[in-house]
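K.L.:
Numbering (my numbering), first residue to last: 14 to 546.
(1) For residue 406, is the classification buried or exposed, using 16 other Cβ atoms within 10 angstroms of its Cβ as the cut-off for buried?
(2) With distances taken between CB atoms, is the gap from residue 454 to residue 418 smaller than 8 Å?
(3) Return the Cβ separation of residue 256 and residue 150 in integer angstroms, given the expectation that the two are a contact with Cβ distance under 8 Å.
(4) Would you list the residues sitting across from residue 472 in a DSSP beta bridge?
(5) Quick check: what's the CA-CA separation for residue 366 versus residue 387?
(6) Can you tell me whether residue 442 is helix, strand or coil according to DSSP?
(7) Going by DSSP, what residue range makes up the alpha helix (DSSP H) through residue 150?
(8) If you run the structure through DSSP and keep just helix, strand and coil, what is residue 414?
(9) So, do the stretch 356 to 373 and the stretch 318 to 332 have three or more beta carbon pairs nearer to each other than 8 Å?
(10) Between 109, 230, 93, 111, which lies nearest to residue 124 when the distance is taken from Cα to Cα?
(11) Give the range of the alpha helix (DSSP H) segment to which residue 339 is assigned.
(12) Please work out which residues of its chain come closer than 7 Å, Cβ to Cβ, to residue 227, disregarding the five sequence neighbours upstream and downstream, and give them in chain order.
(13) With burial defined as no fewer than 16 other Cβ atoms inside 10 Å of the residue's Cβ, what is the status of residue 542: buried or exposed?
(14) Per DSSP, which one or two residues make a beta bridge with residue 257?
(15) Shortest alpha-carbon distance to residue 566 belongs to which of 221, 452, 233, 225?
(16) Just to confirm the assignment, what range does the alpha helix (DSSP H) spanning residue 86 have?
(17) Taking Cβ positions, are residue 460 and residue 420 nearer each other than 8 Å?
(18) Assuming residue 309 contacts residue 224 under a Cβ cut-off of 8 Å, what Cβ separation, rounded to an integer in Å, is found between them?
(19) Roughly how many angstroms lie between the CA atoms of residue 382 and residue 396, to the nearest whole one?
(20) Leaving aside the five residues before and after residue 159 along the sequence, list all residues of the same chain whose C-beta is less than 7 Å from its C-beta, in chain order.
(21) Under a Cβ-count criterion, where at least 16 other Cβ atoms within 10 Å of its own Cβ denotes burial, should residue 91 be classed as buried or exposed?
(22) Among 337, 519, 122, which has the Cα closest to the Cα of residue 540?
(23) Using the C-alpha atoms, what's the distance from residue 251 back to residue 222?
(24) Taking only the alpha-carbon atoms, compute the straight-line gap between residue 315 and residue 322 and give it to the nearest angstrom.
(25) Could you tell me the distance, in whole angstroms, from the CA atom of residue 435 to the CA atom of residue 429?
(26) Run the CB neighbour count on residue 466, radius 10 Å, all protein chains shown included, and call it buried at 16 or more, exposed below.
(27) Can you tell me which of the three DSSP states residue 369 falls into?
(28) Measuring straight from C-alpha to C-alpha, what distance separates residue 554 and residue 330?
(29) Could you pull the start and end residues of the alpha helix (DSSP H) that residue 358 belongs to?
(30) Report yes if the C-beta distance between residue 154 and residue 229 is below 8 Å; otherwise report no.
(31) Check for me: the alpha helix (DSSP H) holding residue 321 runs from which residue to which?
(32) Which of the three DSSP states, helix, strand or coil, is assigned to residue 447?
(33) Can you round the beta-carbon distance between residue 554 and residue 444 to whole angstroms, since I take them to be within the 8 Å contact cut?
(34) Less than 8 Å between the CB atoms is what I'm expecting for residue 65 and residue 98, so what's the real figure, rounded?
(35) Using the three-state DSSP reduction, which class does residue 43 fall into: helix, strand or coil?
(36) Would you say residue 306 and residue 220 are within 8 Å of each other, going by their C-beta atoms?
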């Protein structure tokens with residue numbers, strides 16, 4: 014007989030029948046048996062009832078765990094073996110209780126014969142299939158998930174890999190964070206206790222963790238994934254999970270995402286980490302309120318920021334020479350502004366940016382008073398790094414500085430434009446169409462798109478040869494989008510179009526190997542006409 018999605022063979026159906034028969038037999042028990050510490054009496058192979066029950070249990074384990082396929086003859090032989098074993102057990106029970114068990118034996122044989130001969134019901138097939146799938150997931154599936162975590166380095170975190178090629182294990186940097194649980198006051202908790210603190214009430218609880226960009230949501234995920242893979246648990250409660258599935262759910266519509274999540278919720282404990290707090294009312298209405306809990310991440314408490322900065326600085330110093338960048342100045346900055354800029358400095362991502370800017374620039378930190386200023390300095394650092402890369406790249410090292418600057422400007426203009434479009438469409442990853450637009454811009458100037466994109470974006474390698482790019486941080490994406498609006502509105506940008514057109518014409522003429530003298534003559538005519546209009 015077949016279920017809705019799977020056609021069982023005759024051998025598998027025989028196995029299912031035998032499994033259910035043994036399970037049914039084991040549901041019954043008896044009194045007046047020897048204590049479990051009397052190992053000799055419970056050892057299989059003897060003629061006492063305890064030994065026979067052990068044999069029955071062993072038979073059940075053999076049938077259930079080995080998933081052997083039985084021929085018809087083997088199935089009948091195993092059924093007869095089971096009936097004989099149960100008959101002996103019943104006869105011994107009759108002796109213990111001084112009762113006539115003849116009718117009980119006949120009833121047992123009749124019931125097992127009926128169970129053997131009847132068709133397997135759909136419900137039983139479904140249960141068996143589900144148990145088999147669970148077993149596969151807990152063994153092979155679990156191993157495959159761990160391989161994916163290792164391959165994608167999902168247990169490590171590097172929020173600025175577009176600037177520094179360095180991954181840091183979460184446990185080496187992060188220790189404490191501040192959270193606010195629904196209807197409670199703020200409290201400081203250890204990262205190791207996050208699963209204990211977010212555990213909801215009732216059956217299959219749902220927990221939604223929200224927080225602004227940079228509050229540490231990705232960090233929590235990375236820590237859980239790392240420890241699930243390594244099997245070394247410092248996150249309390251993680252060991253009780255058989256499987257940890259992680260999906261970023263990016264570039265999906267909110268309605269579609271939540272509908273799929275709610276379907277999963279029916280049979281699983283659920284944790285959602287999101288930057289979409291405006292959708293909580295929608296989600297709360299779709300889930301049972303008594304099993305629904307909200308948690309807000311508020312970042313790192315001020316008394317732990319110095320330790321965070323020190324840990325990250327030490328890891329960075331293992332990769333780079335920071336002798337001329339003593340950490341004392343960072344501590345002075347944190348101490349001076351810890352309360353004035355509390356909201357900015359509480360976010361792990363912002364602290365990481367401050368460390369990177371301190372180590373790679375001569376920035377005067379007193380100028381960093383808002384998040385946009387911080388993102389602007391990051392933007393300028395990325396520009397500088399990209400220009401350095403183009404100066405040594407084989408295809409661009411012959412370029413003059415003015416051309417390098419102009420090409421970077423054109424690329425960043427397009428990147429800012431697509432970031433605004435992506436923001437309007439609620440996208441994090443760049444779609445293939447958007448990436449193609451950036452590729453087209455780079456091809457015009459014969460510059461590798463990988464160099465340009467990786468200077469500002471975070472690459473993620475998929476199972477195929479495709480590379481997905483995303484903004485390293487939601488705040489960075491919003492900064493680029495705002496920059497595009499600013500460029501569109503400022504007179505300085507509009508007036509620069511004249512110079513951009515002239516530069517583009519000059520590059521085009523050079524690409525066609527037009528002699529310099531003829532280039533100058535053509536450009537004079539072009540400039541004259543542009544000024545006229």
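Backbone N, C-alpha and C define an ideal beta-carbon position, used for all residues, glycine too. The model shown is predicted, which means the values in this text are computed figures rather than measured ones.
P.N.:
Checking against the coordinates, here is how it stands:
(1) If you number the chain shown from 1, residue 406 lands on position 393. Per the 10 Å Cβ criterion, exposed.
(2) Working through the chain shown from its first residue, we reach residue 454 at position 441. Working through the chain shown from its first residue, we reach residue 418 at position 405. Not closer than 8 Å, so no.
(3) Taking the first residue of the chain shown as position 1, residue 256 is located at position 243. Taking the first residue of the chain shown as position 1, residue 150 is located at position 137. Right, the Cβ-Cβ distance comes to about 6 Å (below 8 Å), so this counts as a contact.
(4) As a working note, residue 472 is residue 459 in the chain shown. Residue 472 pairs with 482.
(5) What you label residue 366 is simply residue 353 of the chain shown in a count that begins at 1. What you label residue 387 is simply residue 374 of the chain shown in a count that begins at 1. Cα atoms of residue 366 and residue 387: separation of roughly 8 Å, rounded to the nearest angstrom.
(6) One-based indexing of the chain shown puts residue 442 at position 429. DSSP places residue 442 in strand when its eight states are reduced to three.
(7) As a first step, residue 150 is located in the chain shown; it is residue number 137 there, counting from the start. Taken as a continuous stretch (DSSP letters only), residue 150 belongs to no alpha helix (DSSP H), as it is neither H nor E.
(8) By one-based count along the chain shown, residue 414 stands at place 401. If DSSP states are grouped into helix, strand and coil, residue 414 belongs with the helices.
(9) Remark: three or more beta-carbon pairs, one from each stretch, lie closer than 8 Å, so the stretch 356 to 373 and the stretch 318 to 332 are flagged as touching.
(10) Within the chain shown, the letter at position 111 stands for residue 124. The shortest C-alpha separation from residue 124 is found at 93.
(11) What you label residue 339 is simply residue 326 of the chain shown in a count that begins at 1. Unbroken run through residue 339: none, as it is neither H nor E.
(12) Looking up residue 227 in the chain shown gives position 214. Only 360, 361, 362, 363, 486, 488 meet the Cβ criterion.
(13) Within the chain shown, the letter at position 529 stands for residue 542. The Cβ neighbour count for residue 542, taken over all protein chains shown within 10 Å, is under 16; the residue is labelled exposed.
(14) Indexing the chain shown from 1 puts residue 257 at position 244. Looking at the DSSP assignment, residue 257 forms no beta bridge with any residue, so it has no partner.
(15) Outside the shown range of the chain, which is 14 to 546, sits residue 566, and nothing can be said about it.
(16) Within the chain shown, the letter at position 73 stands for residue 86. Here the alpha helix (DSSP H) through residue 86 covers 85 to 110.
(17) By 1-based counting over the chain shown, the position of residue 460 is 447. By 1-based counting over the chain shown, the position of residue 420 is 407. By the CB criterion at 8 Å, residue 460 and residue 420 fall inside the cutoff.
(18) The residue given as residue 309 occupies position 296 in the chain shown. The residue given as residue 224 occupies position 211 in the chain shown. Yes, residue 309 and residue 224 are in contact; Cβ-Cβ is about 6 Å, under 8 Å.
(19) The residue you call residue 382 lines up with position 369 of the chain shown. The residue you call residue 396 lines up with position 383 of the chain shown. Answer to the nearest angstrom: the Cα atoms are 21 Å apart.
(20) Translated into positions along the chain shown, residue 159 becomes position 146. So the list reads 242, once near-sequence residues are dropped.
(21) What you label residue 91 is simply residue 78 of the chain shown in a count that begins at 1. By the 16-neighbour rule on beta-carbons within 10 angstroms, residue 91 is buried.
(22) By 1-based counting over the chain shown, the position of residue 540 is 527. Nearest neighbour of residue 540 by Cα position, chosen from 337, 519, 122, turns out to be 519.
(23) The sequence position of residue 222 within the chain shown is 209, counting from 1. The sequence position of residue 251 within the chain shown is 238, counting from 1. The alpha-carbon atoms of residue 222 and residue 251 are separated by roughly 17 Å.
(24) Locating residue 315 in the chain shown gives position 302, counting from the first residue. Locating residue 322 in the chain shown gives position 309, counting from the first residue. Taking the straight line joining both Cα atoms gives about 11 Å.
(25) Residue mapping note: residue 435 aligns to position 422 of the chain shown, counting from 1. Residue mapping note: residue 429 aligns to position 416 of the chain shown, counting from 1. If you take the alpha carbons of residue 435 and residue 429, they lie about 10 Å apart.
(26) Indexing the chain shown from 1 puts residue 466 at position 453. Classification of residue 466: buried, given that the 10 Å Cβ count is 16 or more.
(27) As a first step, residue 369 is located in the chain shown; it is residue number 356 there, counting from the start. In the structure shown, residue 369 sits in a helix (DSSP, three-state: H, G or I).
(28) The first residue shown for the chain is 14 and the last is 546, placing residue 554 beyond what the model contains.
(29) Along the chain shown, read from residue 1 onward, the residue named residue 358 stands at position 345. Start and end: 355 to 358.
(30) Working through the chain shown from its first residue, we reach residue 154 at position 141. Working through the chain shown from its first residue, we reach residue 229 at position 216. Going by C-beta atoms, residue 154 is not nearer than 8 Å to residue 229.
(31) The count along the chain shown starts at 1 and reaches residue 321 at position 308. Residues 315 to 330.
(32) The residue given as residue 447 occupies position 434 in the chain shown. Taken through DSSP and simplified to helix, strand or coil, residue 447 comes out as helix.
(33) Residue 554 is absent from the model: the chain starts at 14 and stops at 546.
(34) Along the chain shown, one-based indexing puts residue 65 at 52. Along the chain shown, one-based indexing puts residue 98 at 85. Indeed they touch by this definition, with Cβ atoms about 6 Å apart.
(35) Reading the chain shown from its first residue, position 30 is the one you call residue 43. Any answer about residue 43 is weak, because its pLDDT of 47 lies below 50 and its placement is not dependable; what the coordinates show is given next. Reduced to three states, the DSSP call for residue 43 is coil.
(36) The residue labelled residue 306 in the question sits at position 293 within the chain shown. The residue labelled residue 220 in the question sits at position 207 within the chain shown. Cβ distance < 8 Å, so residue 306 and residue 220 count as in contact.
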